[in-house]
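Start counting the sequence shown at 13; every next residue gets the next number (our numbering).
For each residue, glycine too, the CB sits at the ideal point set by N, CA and C.
Since the model is a prediction, treat every value here as computed from it, not as a measurement.
These notes are about the structure you will find just below.
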Amino acid sequence: MKKLLLYFLIFLPVIGFNQVVNHFENTNSQWFVASNFINTNQENPSHLGVKTWIHSTIGDTIIDNSNWLKLYSSQDSLFQNNILSSGFLRSEGSKVYYKSDATSQSHLIYDFSLDVGDSTLYTISVAFDTIPSWIYVNQIDTIDINGEPYRRFHFTEPDIPYQPFNIIKEVWIEGIGSVHGPLSPLYPMPLDLEWGQRIDLTCSFSNETHYYHFASYYTECFVYDVLDVKNLQKELVKIYPNPAKDFLTITNLQNDEMDVEITNNLGQTILNTKINSNQYKVDIRNLKKGVYFLKLKQGDTIQISKIIKE
13 MKKLLLYFLI
23 FLPVIGFNQV
33 VNHFENTNSQ
43 WFVASNFINT
53 NQENPSHLGV
63 KTWIHSTIGD
73 TIIDNSNWLK
83 LYSSQDSLFQ
93 NNILSSGFLR
103 SEGSKVYYKS
113 DATSQSHLIY
123 DFSLDVGDST
133 LYTISVAFDT
143 IPSWIYVNQI
153 DTIDINGEPY
163 RRFHFTEPDI
173 PYQPFNIIKE
183 VWIEGIGSVH
193 GPLSPLYPMP
203 LDLEWGQRID
213 LTCSFSNETH
223 YYHFASYYTE
233 CFVYDVLDVK
243 NLQKELVKIY
253 PNPAKDFLTI
263 TNLQNDEMDV
273 EITNNLGQTI
283 LNTKINSNQY
293 KVDIRNLKKG
303 VYFLKLKQGD
313 TIQISKIIKE
């Protein structure tokens, strides 16, 4: 009995230690959410466009004697322009709460202590109507993120009209949130499978570390694919190698002067210069390992690429 008790006491701290990084506790977390829409022109009559929203926690505040993170959103890839206030988030144990403003009622949007058979209430918008429906956890598995197992909560479909073509395919990732974005439980959007509608969390970051990446479908965190009614955007440069350790080579395909800006995932500018030659080498040896964004501008044409420092 004494040996068994000693074994339990030795291993209890290890069992109770959770390596999952809770994005909802940190003041510099980011979620990249891509959604598609019908976007055609004469040359591309069946094209689906894609736009990305970035949601970011920046700073905190006290509301009713509790600490809340400030949530902001933008469609600017560098998160520098057109930034909107999107409410407040608070993590308490395994639960995450949301307030749209300082005086509004708080809403429970996540409970990562749910077990198979437990449920959560979603309000689904369908055909200009809202339908409350309970969805149930029908499976819990794990996904490997940065070498750690994160639990995934798979939910049943809500009982709404117009199925099977309209579904929500809800899955939560512990500490990160819905695979459709952090605010998905507030505004669950049925996906029309007939035309291939998608709303996806492409990437997540917290404390300047890259965690989730839907790499099987998206090579980039920020996706912008919108056709112009007249022509497609031309490619400005080739970038290699990517990922890179020491130097990044930018080949200027247009041979014209262009502005070059590199920012980190928090939107902070690391490099700001101009390219006048057809090839330019960027020294990245002093950069920390992680994800950065390269923005190139030539006239009215802008190209944004994700680069990875190894």
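Checklist entry - Roughly how many angstroms separate the alpha carbons of ILE180 and ASP130, rounded to a whole number? => result 18 Å
Next on the checklist: Buried or exposed, going by whether 16 or more other CB atoms sit within 10 Å of the CB of PHE305?
Outcome noted: buried
Next on the checklist: Between the alpha carbons of LYS250 and GLN291, how many angstroms are there, rounded?
Outcome noted: 10 Å
Checklist entry - When the Cα atoms are used, what is the spatial distance from VAL294 to THR261? => result 6 Å
Item to check | Terminal residues of the beta strand (DSSP E) in which ILE161 lies | outcome: Looking at the sequence itself, residue 161 is Pro, so the reference to Ile does not match. Taken as a continuous stretch (DSSP letters only), the beta strand (DSSP E) holding PRO161 covers 160-167.
Item to check | Nearest candidate by alpha-carbon position, reference PHE100, set PHE91, SER106 and ASP76 | outcome: ASP76
Next on the checklist: Once DSSP output is grouped into helix, strand and coil, what is the label at HIS222?
Outcome noted: strand
Next on the checklist: I need the DSSP call for GLU37, collapsed to helix, strand or coil.
Outcome noted: helix
Checklist entry - Exposed or buried, which one is ASN219 when buried takes at least 16 other CB atoms within 10 Å? => result exposed
Checklist entry - Which one of VAL62, TYR148, GLU232 and SER106 has the shortest CA to CA distance from VAL303? => result GLU232
Checklist entry - What are the boundary residues of the beta strand (DSSP E) that GLN291 is part of? => result 291-295
Item to check | Beta-carbon gap between PHE165 and TRP146 smaller than 8 Å | outcome: No, Cβ-Cβ distance for PHE165 and TRP146 is not below 8 Å.
Item to check | Opening and closing residue of the beta strand (DSSP E) in which GLN310 lies | outcome: 302-310
Checklist entry - Fully enclosed by the segment 55-140, which alpha helix (DSSP H) runs are 4 residues long or longer? => result With a minimum length of 4 residues, no continuous alpha helix (DSSP H) run stays inside the segment 55-140.
Next on the checklist: Using only the alpha-carbon positions, how far apart do THR132 and SER112 sit?
Outcome noted: So the alpha carbons of these two residues sit roughly 20 Å apart.
Item to check | Reduced DSSP secondary structure (H/G/I, E/B, other) of VAL26 | outcome: Any reading at VAL26 must be qualified, since the residue scores a pLDDT of 36, below 50, and its modelled position is unreliable; the value itself is stated next. VAL26 falls in the helix class under three-state DSSP.
Item to check | Reference GLY208; option with closest CA among PRO170, ASN298, ASN178 and TYR223 | outcome: ASN178
Next on the checklist: Taking the alpha carbon of SER118 as the reference point, which residue from ALA227, LEU90, LEU198 and ASN150 has its own alpha carbon closest?
Outcome noted: LEU198
Checklist entry - Who pairs with PHE217 in a beta bridge, going by DSSP? => result GLN42 and HIS222
Item to check | Nearest residue (CA-CA) to TYR236, options THR214, THR64 and VAL128 | outcome: THR64
Checklist entry - From what residue to what residue does the beta strand (DSSP E) around VAL249 run? => result 249-252
Checklist entry - In three-state DSSP terms, what is ALA256? => result In the displayed model, ALA256 falls within a strand according to three-state DSSP.
Checklist entry - Between the C-alpha atoms of HIS35 and ILE152, what's the straight-line distance to the nearest angstrom? => result 20 Å
Next on the checklist: Within a Cβ cutoff of 8 Å, which residues of the same chain sit near THR221, ignoring the five residues on either side of it in sequence?
Outcome noted: Excluding the 5 residues flanking it on each side, THR221 has same chain C-beta neighbours closer than 8 Å at VAL33, ASN158 and GLY302, in chain order.
Checklist entry - Buried or exposed: which applies to THR69, given that a residue is buried once 16 or more other Cβ atoms fall within 10 Å of its Cβ? => result When all chains shown are included, THR69 counts as buried.
Next on the checklist: Would ILE211 and GLY193 qualify as a contact pair, given that the criterion is a beta-carbon distance under 8 Å?
Outcome noted: yes
Next on the checklist: So, for SER323: in the same chain, excluding its five sequence neighbours on each side, which residues have a beta-carbon less than 7 Å away from its beta-carbon?
Outcome noted: Limits of the chain in this structure are 13 at one end and 322 at the other, which puts residue 323 out of reach.
Checklist entry - For the putative contact between TRP80 and ASP72, defined by C-beta atoms under 8 Å, what is the C-beta separation to the nearest angstrom? => result 6 Å
Checklist entry - Quick one: what's got a C-beta closer than 8 Å to GLN282's C-beta in the same chain, skipping five residues either side? => result Looking at the sequence shown, residue 282 is not Gln but Ile. Excluding residues within five positions, the ones whose Cβ falls inside 8 Å are ILE274, THR275, ASN276, LEU299 and TYR304.
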